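Working notes, structure below.
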Amino acid sequence: MSADARAADAVEHPEWLWHAAEPKKSYDVVIVGGGGHGLATAHYLARNHGITRVAVLEKGWLAGGNMARNTAIIRSNYLLDASAALYEHALKLWEGLAEDLDYPLLFSQRGVLNLAHSPQDVRDGVRRVEANALNGVDAEWLDAEQAREVCPILNISPEARYPVLGATYQPRAGIAKHDHVAWGLARSAAAAGVDLVENCEVTGIDVRAGRVTGVRTTRGVIAADRVALCAAGHSSRLAALAGFPLPLQSHPLQALVTELLEPVHPTVVMSNAVHAYVSQAHKGELVLGAGIDAYNAYTQRGAFHIVERQMAALLELFPLFARAHVLRAWAGVVDVSPDASPVIGHTPVEHLYVNCGWGTGGFKATPAAGWVLAHTLAHDTAHPLGAPFGLERFTTGALVDEHGAAAVAH
Amino acid sequence: MLLIACPWCGPRDEAEFHYGPEAHHDHPADPALLSDEEWGRYLFFHDNTHGPRAERCCHSAGCRRWFHTVRDTAHHEILAVHRIGEPKPETA
Ligand SMILES: Cc1cc2nc3c(=O)[nH]c(=O)nc-3n(C[C@H](O)[C@H](O)[C@H](O)COP(=O)(O)OP(=O)(O)OC[C@H]3O[C@@H](n4cnc5c(N)ncnc54)[C@H](O)[C@@H]3O)c2cc1C
Ligand SMILES: [Zn+2]
């Protein structure tokens, strides 16, 4: 039986998935940030490169940042070649990740609809479908009626405030259980010998003669040959400790869940135009996501009027949801980049690398982000999939503009 | 929801305002003289401070005038509000 087929019986847990480690005096690689990307980097350092003198330093508890807060949408239908290659690599890894980790991830390829509400949305959507096809990414253009066949509760009435004119559809897209992903990666990394150190905030980065030598933390000084920053919304603060700026802005991004409902929503629906996206988790709650709050903030808390507008938009699309009760709302701090693409690779400081700028959409990339960063840490060279996403593009102007495919959406 | 004190209209709900980017990040006098790196710095690198941050704000559903605020990004407290052209107040 495959690991995901066993997911239904996944309630039984061993007593420990990993043991909390005490920080040692030195490591070959220190990873700052114990979210999905930091953990995936540790996993692939061990799995692909045999590097295990590694610590993941997390200021709070493991995967309590955006990894615990995202709406878990996974897809690879990005417009440009560089992005399609990176996100499609991630999707292929997702397709084998439960096996690789021998841990159920509740990865469910239920497809994603990206709705079009205006003639321009339609043109953009059709163009993206064609571009996806050329890049070997599964994608179809559906008219409104076909979109409703995929998602029967979708309101395609022309009377709607923003009527549905059609949708792109990626059947291989879907969702996964984010906590399970973090736990599976953490268990695998710890079993390979990686130290997972919680309650350990990095407060300084030591640089000598232009090269990183270690980090200062709330649990002491730790020497390191190489350091990787995987701190999502806090990346700018860490880069500042090492003396260089990043082209990022940190914003709250909010999401909500309803009470548990009978299965009503078979796929994932996203709409950039009305800033809303929704799926139904395995347990039955509707998972609803909003657009970012406009202001910069590190608060993990957003404004009420943002979710109020998002709910109003969702009710137009799904009148059925009017009777659902919202149970919880929360926010994470996301690191938004100028071109809606990540920043991966070298920094002005030797042997110090970044993986950031994933903004509102990095969960889907978790395995690829780890794969690419582990390669860079092991060889001190960009991975071919990461090369277009280097920091130098903000000098050369070779941006990877994915606002159309990423925008606020995921 | 933030309560923002427009320097002309007084305290109003955040929803009445349009949030502008970082303040005092002025357009270079002569962009043609800049290196690619300096131009990239101007275009893409903005203040992302954890703490007091000077930013622009437009009272778009009120008097429709732009002004400046200093807001703490760690907890949203608005430390100062001032009109365009007035010097940035000392907040720390
Ligand atoms: C509401 C919401 C919905 C989202 N929905 C989706 C979605 O549907 N699909 C999708 O693809 N993406 C989504 N995202 C984006 C996705 O969650 C992020 O891009 C991704 O999780 C970032 O990588 P990460 O998991 O490593 O980040 P995080 O889990 O945030 O990890 C960063 C870690 O660094 C730690 N850290 C920070 N500073 C320090 C320090 N000084 N020392 C030590 N540790 C430190 C933090 O505590 C944190 O645990 C969403 C995000 C939010 C907030
Ligand atoms: Zn006013």
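Going line by line, the protein sequences match chains A and B.
Position 278, counted from 1, in the first sequence is what the working numbering calls 326; the numbers after and before it change by one each time, with no gaps.
Position 1, counted from 1, in the second sequence is what the working numbering calls 12; the numbers after and before it change by one each time, with no gaps.
Note that CB positions come from ideal geometry on N, CA and C, so glycine has one too.
In this text the structure is predicted, and so the values were computed from the model without any measurement.
Practice task
Compare the beta carbon distance of L244/A and Y217/A with 8 Å and say whether it is the shorter of the two.
Solution key: Between L244/A and Y217/A, the gap from beta carbon to beta carbon reaches 8 Å or more.
Problem - Residues near ligand 4, criterion Cβ-heavy atom distance below 5 Å - result: Ligand 4 is absent from the structure shown, which contains only ligand 1 and ligand 2.
Practice task
Decide if A120/A is buried, meaning its Cβ has at least 16 other Cβ atoms within 10 Å, or exposed.
Solution key: A120/A comes out buried.
Problem - Three-state secondary structure (DSSP) of L149/A - result: Here L149/A sits in helix by DSSP.
Exercise for the section: Consider the Cβ of Y92/A: report whether some Cβ of chain B lies at a distance smaller than 8 Å. Expected result: Chain B, which has no Cβ nearer than 8 Å to the Cβ of Y92/A, makes this no.
Exercise for the section: Give a single yes or no on whether G84/A has its beta carbon closer than 7 Å to a heavy atom of ligand 1. Expected result: Yes, the beta carbon of G84/A sits closer than 7 Å to at least one heavy atom of ligand 1.
Exercise for the section: Tell me whether the beta-carbon of T414/A lies closer than 8 Å to the beta-carbon of V229/A. Expected result: Yes, they are a contact pair.
Problem - Which of helix, strand or coil DSSP assigns to M12/B - result: Of the three classes helix, strand and coil, the one that applies to M12/B here is coil, per DSSP.
Handout entry: Cβ of R264/A within 8 Å of any chain B Cβ
Key = No - not a single Cβ of chain B is within 8 Å of the one on R264/A.
Exercise for the section: Answer with buried or exposed for E450/A, where buried requires no fewer than 16 other C-beta atoms within 10 angstroms of its C-beta. Expected result: Its Cβ being crowded by 16 or more others within 10 Å, E450/A is buried.
Handout entry: Spatial distance of E310/A from E333/A (CA atoms)
Key = Cα-Cα distance, rounded: 9 Å.
Practice task
Give, in chain order, every unbroken run of the alpha helix (DSSP H) that is at least 4 residues long and sits entirely within the stretch 302-366 of chain A.
Solution key: Those alpha helix (DSSP H) runs which fall completely within the stretch 302-366 of chain A and span 4+ residues are 352-365.
Exercise for the section: Going by DSSP, name the residue or residues bridged to V263/A. Expected result: Looking at the DSSP assignment, V263/A forms a beta bridge with I253/A and I270/A.
Exercise for the section: Please work out which residues of its chain come closer than 7 Å, Cβ to Cβ, to D90/A, disregarding the five sequence neighbours upstream and downstream, and give them in chain order. Expected result: Position check: residue 90/A holds Ala in this sequence, whereas Asp was assumed. Cβ-Cβ distances below 7 Å link A90/A to I79, V102, V104, A237 and V242 in the same chain, with the five nearest sequence neighbours on each side left out; the list follows chain order.
Practice task
Return no unless some Cβ of chain A is closer than 8 Å to the Cβ of D37/B.
Solution key: Not one chain A Cβ lies under 8 Å of D37/B.
Handout entry: Residues of the stretch 429-448 of chain A with Cβ closer than 8 Å to any Cβ of chain B, in chain order
Key = Flagged, chain order: F442, T443, T444 and G445.
Exercise for the section: Given a cut-off of 8 Å, decide if I253/A and V269/A are closer than it, judged by their beta-carbon atoms. Expected result: No, these two residues do not count as a Cβ contact at 8 Å.
Problem - Euclidean distance between Cα positions of L182/A and K140/A - result: Pairing L182/A with K140/A, the inter-Cα distance amounts to about 17 Å.
Practice task
Output yes if chain B places a C-beta closer than 8 Å to the C-beta of Q297/A; else output no.
Solution key: Closer than 8 Å to some Cβ of chain B, the Cβ of Q297/A qualifies, so yes.
Practice task
Below 8 Å CB to CB, which residues in the same chain sit around M49/A once its five sequence neighbours on both sides are set aside?
Solution key: Because the pLDDT at M49/A is just 46, under 50, the model does not fix this residue reliably, and the value given afterwards should be weighed accordingly. For M49/A, where only same-chain residues beyond five positions count, there are no Cβ hits under 8 Å.
Problem - Chain-ordered neighbours of T261/A on chain B, where CB pairs are closer than 8 Å - result: Under the 8 Å cutoff, chain B gives no residues; its nearest Cβ is about 25 Å from T261/A.
Handout entry: Where P396/A meets chain B, residues with beta-carbon distance less than 7 Å
Key = Within chain B, no residue comes near P396/A; the closest Cβ sits about 11 Å away, beyond 7 Å.
Handout entry: Inter-residue spacing [alpha-carbon to alpha-carbon] between L134/A and G410/A
Key = The straight-line gap from Cα to Cα measures roughly 11 Å.
Exercise for the section: State yes or no: is the C-beta of N96/A nearer than 7 Å to some heavy atom of ligand 1? Expected result: A distance criterion of 7 Å places the beta-carbon of N96/A beyond contact range of ligand 1, judged by its closest non-hydrogen atom.
Practice task
Could you have a look at M49/A and say whether DSSP puts it in helix, strand or coil?
Solution key: Caution is warranted here: a pLDDT of 46 is assigned to M49/A, below 50, making its placement in the model unreliable, and the coordinate value is therefore given only provisionally. Note: M49/A maps to coil in three-state DSSP.
Exercise for the section: With hydrogens ignored, establish whether the beta-carbon of V382/A is closer than 7 Å to any heavy atom of ligand 1. Expected result: Correct: V382/A has its Cβ closer than 7 Å to ligand 1.
Practice task
Please determine, among G452/A, H313/A and G81/A, the residue with the shortest C-alpha to C-alpha distance to T265/A.
Solution key: Per the Cα distances, G81/A.
Handout entry: Candidates I99/A, G405/A and P219/A, of which the one nearest F442/A by Cα
Key = Proximity to F442/A across I99/A, G405/A and P219/A peaks at G405/A, based on C-alpha coordinates.
Problem - CA nearest to the CA of V316/A, picked from L289/A, S156/A, D76/A and Y401/A - result: The closest CA to that of V316/A, considering only L289/A, S156/A, D76/A and Y401/A, is found on S156/A.
Handout entry: Simplified DSSP assignment, three categories, for S298/A
Key = Here S298/A sits in strand by DSSP.
Exercise for the section: Confirm, please, whether the CB-CB distance from V81/B to P98/B is below 8 Å. Expected result: Going by C-beta atoms, P98/B is not nearer than 8 Å to V81/B.
Exercise for the section: For W406/A, name the three-state secondary structure that DSSP assigns. Expected result: Three-state result, W406/A: coil.
Handout entry: Start-to-end residues for the beta strand (DSSP E) that takes in H79/B
Key = W77 to D83 is the span of the beta strand (DSSP E), which, as asked, contains H79/B.
Exercise for the section: Mind listing, in chain order, the continuous beta strand (DSSP E) runs of no fewer than 3 residues lying wholly within the stretch 185-251 of chain A? Expected result: Annotation note: the stretch 185-251 of chain A contains the following uninterrupted beta strand (DSSP E) runs of length 3 or greater, listed N- to C-terminal: 188-191, 214-218 and 243-245.
Problem - chain C contact for G73/B (CB, 8 Å cutoff) - result: The displayed structure is made up of protein chains A and B, and chain C is not among them.
Practice task
Can you say whether F28/B is buried or exposed, counting buried as having 16 or more other CB atoms within 10 angstroms of its CB?
Solution key: F28/B comes out buried.
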